[in-house]
Amino acid sequence: MIPGSKTRFFTVPPRIHQVTSKGRVEVKKGSTVRLECKASGNPVPKVTWSRKNNLLPGGEQTMTTPVLTLDKVDRHQAGIYECVATNGVGNDVKDQILLHVL
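Residues in the sequence shown are numbered from 1 upward in steps of one, following full-length UniProt numbering.
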């Protein structure tokens, strides 16, 4: 750092810049699925997953992770999964992934 200079920190609202398969995933029963929700911002956003009108497969209401892994999926796990990115700057942002189990 140069003497007399100041460090500036810029805050940037969260932005989701990538979700798995552009929001639609089809898998065979018994497969493992990785649902990804990549977000950016400053401070680094926290990504939280939920399942529309239902609990997540492990019984949780929400899970905080950029990658949600579902093992040995069955038709009961099909539905709309939602990721929300938040960092306390501006508005939270969200995106959805529709999971079809064949």
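For every residue, glycine included, the Cβ atom is placed at its ideal position computed from N, Cα and C.
Going by DSSP in three states, S21 sits in which element: helix, strand or coil? Taking the sequence shown and counting its residues from 1, the one referred to as residue 21 is at position 21. Under the three-state reduction of DSSP, S21 is assigned to helix.
Beta-ladder partner(s) of K46, from DSSP: Your numbering for residue 46 matches position 46 in the sequence shown. The partner list for K46 (beta bridge, DSSP) reads T86.
State the DSSP-derived secondary structure class of Q77, mapped to helix, strand or coil. As a working note, residue 77 is residue 77 in the sequence shown. Three-state result, Q77: helix.
Give me the Cα-Cα distance between T62 and G79, rounded to the nearest whole angstrom. Locating residue 62 in the sequence shown gives position 62, where the first residue counts as 1. Locating residue 79 in the sequence shown gives position 79, where the first residue counts as 1. Their Cα atoms are separated by approximately 15 Å.
DSSP puts D95 in a beta bridge; with which residues? Within the sequence shown, numbered from 1, the residue matching residue 95 stands at position 95. Partner(s): C83.
Whole-angstrom Cβ separation of T86 and P14, contact assumed at under 8 Å? On the sequence shown, residue 86 is found 86 positions in, with the first residue counted as 1. On the sequence shown, residue 14 is found 14 positions in, with the first residue counted as 1. Cβ atoms of T86 and P14 come within 8 Å of each other, at about 6 Å.
Go through its chain and collect everything with a Cβ distance to L98's Cβ below 6 Å, but skip five positions before and after it. By 1-based counting over the sequence shown, the position of residue 98 is 98. Only R24, I80 meet the Cβ criterion.
When burial is assigned at 16 or more other CB atoms within 10 Å of the CB, is Q77 buried or exposed? Your numbering for residue 77 matches position 77 in the sequence shown. By the 10 Å Cβ count, Q77 comes out buried.
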